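Only one structure is covered here, and it is reproduced in the block below.
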Amino acid sequence: MKTRFSILHLSRVSLLLLGLHGAGLGSAAAQRAPQSAPTPQKGAFYTGKYPSLLREAGYSQAAIDQKVTQAYHDVFEGPNKVYFEVGDSMAYVSDLKNHDARTEGMSYGMMVAVQLNKKGGI
């Protein structure tokens, strides 16, 4: 009985695979990846040309600048900020879920400050 079931099961699987292949779903032509943009020969550091995903998505430079400015304000300066200064020479980025400072938050905060040339921040 077990042998009969496995043969019946195998034949159904074989028919399914054969049908998919016949429909072109199993062929290599149907599995090709879409063509992407050519890979640059040198990275952005060497060329000085950094890609902007928002620009590539069709946003204007003014809209991008406004979004970045608003995001910085929300995180570092706004009423719901997560950046807090302690005294005149220390600060931390709060982890909202755990109510403490984490190294990930500190490193992301420092990178944002560096990228936006905000010397007063972190």
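Numbering (mature numbering (1 follows the signal peptide of the UniProt record, and there is no 0)) for the sequence shown: -28 to -1, 1 to 94.
Where is the CB? At the ideal position from N, CA and C, for every residue including glycine.
It should be emphasised that the depicted structure is a prediction, and the values quoted were computed from it without experimental measurement.
Worksheet item: By Cβ distance, which residues of its chain are closer than 8 Å to Ala16, with the 5 residues on each side in sequence left out?
Response: The count along the sequence shown starts at 1 and reaches residue 16 at position 44. Only Tyr22 and Pro23 meet the Cβ criterion.
Discussion item. Do Met83 and Tyr64 count as a contact pair if the criterion is CB distance below 9 Å?
Written reply: Mapped onto the sequence shown, residue 64 falls at position 92. Mapped onto the sequence shown, residue 83 falls at position 111. Going by C-beta atoms, Tyr64 is not nearer than 9 Å to Met83.
Fill in: Beta-carbon proximity check, Val54 vs Leu88, cutoff 9 Å
Position 82 of the sequence shown holds residue 54. Position 116 of the sequence shown holds residue 88. Result no, Cβ atoms of Val54 and Leu88 do not sit closer than 9 Å.
Discussion item. If the criterion is Cβ atoms closer than 9 Å, does the pair Lys90 and Tyr44 meet it?
Written reply: The count along the sequence shown starts at 1 and reaches residue 90 at position 118. The count along the sequence shown starts at 1 and reaches residue 44 at position 72. The Cβ-Cβ distance between Lys90 and Tyr44 falls below 9 Å.
Practice prompt. Name, in chain order, the residues that DSSP records as bridge partners for Val65.
Written response: To locate residue 65, count along the sequence shown from 1; it is residue 93. Looking at the DSSP output, Val65 shares a beta bridge with Tyr55.
Discussion item. So, for Gln33: in the same chain, excluding its five sequence neighbours on each side, which residues have a beta-carbon less than 8 Å away from its beta-carbon?
Written reply: Locating residue 33 in the sequence shown gives position 61, where the first residue counts as 1. Hits under 8 Å: Arg27.
Item to complete: Within 10 angstroms of the Cβ of Gly81, are there 16 or more other Cβ atoms? Answer buried if so, exposed if not.
Response: Translated into the one-based positions of the sequence shown, residue 81 becomes position 109. So Gly81 counts as buried.
Worksheet item: At what residues does the alpha helix (DSSP H) containing Ala16 begin and finish?
Response: Counting from 1 along the sequence shown, the entry for residue 16 is found at position 44. Ala16 to Thr19 is the span of the alpha helix (DSSP H), which, as asked, contains Ala16.
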